[in-house]
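Accompanying notes for the structure given below.
Next up, the structure:
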């Protein structure tokens, strides 16, 4: 079978497209014919050696959709989707024609989603779900999602809307506003610079008492979010710029009784993700959640070029690889 492979980290030139045997199953595992595998930025970080728990040699790729080809008879032919902290890090991942997972990591793919759409949901939806759950977003919660046009931001918008929250989506570019407004939420442009007063003024125009939750998917607005949050509010973060050192006003934080929530999708095992995805599948099939849009698909044989283009900032958006089985 075809698979991406790296035997050492530190450079994307270590990635190779190779022919290797179809995986042999261990106890309680199933073999999945991969129909689609998403590219995440931490897949790139993985190859670059920024994630110390990775074991090599390794096939990368966290998120997948596919069809079970080997395992218990009752599971053969089932269409599945999934993700998990193991995939691509301590066990071979989805950037291959086949992969194996433990049976506990299986979740049946929603019929409302194509294989490409399902694979693209993996890490973004686990991340957004973690933020929405940790911040107790519910009916009438006032939530601001910074970077609402991205994969995680879009998933957060969908989950917040399902929970009947009041949502403000903020984006950098005018071209993204129309797409965000199609989701029937408040939408506006971020200030040109990370100016705390400008961000607060913008947000409080929509929420005069301040928002209950600000979810910064970009990593650039933590200080401004703390300044802009309402009383007893929560600021959820998933990434930090540079070396991760950010200067914030602790005074603004404690005076508002606010808190910072860290969200890390790599804390969730494949079996934990499967339990979450079982609930999400019902929501998609009941049309309480809508499929992701504007996904770019690539043949697996071109995956290395896409890895490099994304790392170099030459390819934005959402990318999914299609193996040739």
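Residue numbers (our numbering): 120 to 444.
Each residue gets a CB set at the ideal place from its N, CA and C atoms; glycine is no exception.
All of these numbers come straight from a predicted model, not from anything done at the bench.
Distance CB(residue i)-CB(residue j) smaller than 8 Å
i, j, result
"residue 183", "residue 218", "yes"
"residue 121", "residue 238", "no"
"residue 342", "residue 378", "no"
"residue 286", "residue 276", "yes"
"residue 225", "residue 267", "no"
"residue 312", "residue 284", "no"
"residue 321", "residue 307", "yes"
"residue 417", "residue 441", "yes"
"residue 235", "residue 439", "yes"
"residue 289", "residue 265", "yes"
Simplified DSSP assignment, three categories, for residue i
i, result
"residue 186", "strand"
"residue 413", "coil"
"residue 246", "helix"
"residue 305", "strand"
"residue 339", "coil"
"residue 408", "coil"
"residue 160", "helix"
"residue 317", "helix"
"residue 437", "strand"
"residue 137", "strand"
"residue 372", "helix"
Rounded separation between residue i and residue j - CA only
i, j, result
"residue 356", "residue 381", "5 Å"
"residue 204", "residue 250", "17 Å"
"residue 400", "residue 370", "42 Å"
"residue 353", "residue 303", "23 Å"
"residue 359", "residue 336", "9 Å"
"residue 190", "residue 211", "18 Å"
"residue 185", "residue 152", "5 Å"
"residue 248", "residue 278", "7 Å"
"residue 139", "residue 146", "21 Å"
"residue 142", "residue 197", "18 Å"
Residues that DSSP places opposite residue i in a beta bridge
i, result
"residue 221", "148"
"residue 125", "177"
"residue 285", "261"
"residue 198", "186"
Assigned exposure category for residue i - 16 Cβ within 10 Å defines buried
i, result
"residue 429", "buried"
"residue 244", "buried"
"residue 366", "exposed"
"residue 202", "buried"
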